[in-house]
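Participant: The opening residue of the sequence shown carries number 548 in my numbering; numbering runs sequentially from there. Don't be surprised by glycine CBs; every beta carbon is placed ideally from N, CA and C. This structure is a prediction, so every number in the text was calculated from the model and none was measured. So that we are looking at the same thing, I have put the structure below in structure tokens.
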Amino acid sequence: MELLVDIGNTSFRWSTVAGLADGAVSSQQHLGELTPLLDAQWRQLAAPAAVWVSCVAGEAVRCELRDWCTKHWGLKPDFLRAQAAQGGVKSGYRQPETLGVDRFLALQAAKSLSVTPVIVVDCGTATTIDALGRDGTHHGGLILPGLEMAVQALIRGTDIPPPSSLEVDGLFGADSGSGIAASALFSTVALIERAYAELEARSGETPRCLLTGGGALRVREWIRIATRYEPHLVLMGIVIATDRSSR
């Protein structure tokens, strides 16, 4: 058994190769502290042969995971990193190692799904938008605040009361709170649509758009282009990057 782990800024997802194929993925919020989650979910597991990890949550979280695996299983997890080229994807970053590993892995998953050219959108704590050509060339990407972060940033900087919900009824809010929520959502939707149009112009083809992340379904409800929801793109990318697809 080998574990696949996706640690975002606030999310913790894990599965096995077989479990991922069956859609069996555990997903929790970690809030910067992993030990309680690991004690609850992993203590009863037999020691795996390997633990493959995508982590963008920082060195403290990586150290916590490393220490837990060493203490309980006597092994060190393998933390994946973005590279210049892997899994049929050529990074578009000037310094490829600085691309978020989650984005790099999601691009590899998108390439494996044969949906290129494609816009890959991860709607998490931050929202990332990446463009991938048919030949696997990464054209670069965009980073903006996630839906909740965008709302919280405006609330912290103003005296506007927070919205009661991030759900919206349409573009125009009927009060200040709903106006903030709608602005966060529709600015994200507009930027995705703009990125889609840009890739269409560059490639001369009709792109696809893959959505993943906790806010993806909220975005999908209002976007005006065809989309496909893939909740586990990063875990799929780990399988490809580590060549676990045949195991």
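Excluding the 5 residues flanking Arg628 on each side, which residues of the same chain have their C-beta closer than 7 Å to its C-beta?
Facilitator: Result list for Arg628: Glu644, Val648, in chain order.
Participant: In the DSSP assignment, the beta strand (DSSP E) including Ser573 goes from what residue to what residue?
Facilitator: Ser573 -> beta strand (DSSP E) spans 573-576.
Participant: Hey, how far is the Cα of Leu567 from the Cα of Leu782?
Facilitator: For Leu567 and Leu782, the distance between alpha carbons rounds to 8 Å.
Participant: Tell me the DSSP bridge mates of Pro692?
Facilitator: Answer is Ala673.
Participant: Pull up the CB-CB distance for Arg650 and Ser750, whole angstroms please, since I reckon it's below 8 Å.
Facilitator: Wrong, their Cβ atoms sit about 19 Å apart, outside the cutoff.
Participant: Would you decide whether Gln576 is buried or exposed? Buried here means 16 or more other CB atoms lie within 10 Å of its CB.
Facilitator: By the neighbour-count rule (16 or more Cβ atoms within 10 Å), Gln576 is not buried but exposed.
Participant: So for Ile554, helix, strand or coil by DSSP?
Facilitator: Residue state, collapsed to three classes: strand.
Participant: For the stretch 712-731 against the stretch 653-665, do three or more pairs of beta-carbon atoms, one drawn from each stretch, fall closer than 8 Å, so that the two count as touching?
Facilitator: These segments do not touch.
Participant: Please report the distance separating the alpha-carbon of Ala673 from that of Gly605.
Facilitator: Their backbone Cα atoms lie some 15 Å apart in a straight line.
Participant: Are there 16 or more other CB atoms within 10 angstroms of the CB of Leu679, so buried, or fewer, so exposed?
Facilitator: Label assigned to Leu679: buried.
Participant: Would you mind listing the beta strand (DSSP E) stretches within the stretch 618-688 that are 3+ residues and don't spill past its ends, in chain order?
Facilitator: Listed in chain order, the complete beta strand (DSSP E) runs (minimum 3 residues) inside the stretch 618-688 are 665-670, 673-679.
Participant: Might you give, ordered along the chain, the residues of its own chain that have their beta carbon closer than 6 Å to the beta carbon of Ser638, omitting 5 neighbours on each side?
Facilitator: Excluding sequence neighbours, Ser638 sits near Ala631, Leu646, His685.
Participant: Classify Glu777: buried if its beta carbon has 16 or more other beta carbons within 10 angstroms, exposed otherwise.
Facilitator: It counts as buried.
Participant: Identify whether Ser712 lies in helix, strand or coil by the three-state DSSP scheme.
Facilitator: In the structure shown, Ser712 sits in coil (DSSP, three-state: anything other than H, G, I, E or B).
Participant: Which same chain residues end up closer than 7 Å to Ala788 when comparing Cβ atoms and leaving out the 5 residues on each side of it in sequence?
Facilitator: Only Leu627, Gln633, Gly634, Leu652, Gln655 meet the Cβ criterion.
Participant: Secondary structure at Leu746, three-state DSSP: helix, strand or coil?
Facilitator: Reduced to three states, the DSSP call for Leu746 is helix.
Participant: Which class does Arg771 belong to by DSSP, given the choice of helix, strand or coil?
Facilitator: Three-state DSSP puts Arg771 in coil, outside helix and strand.
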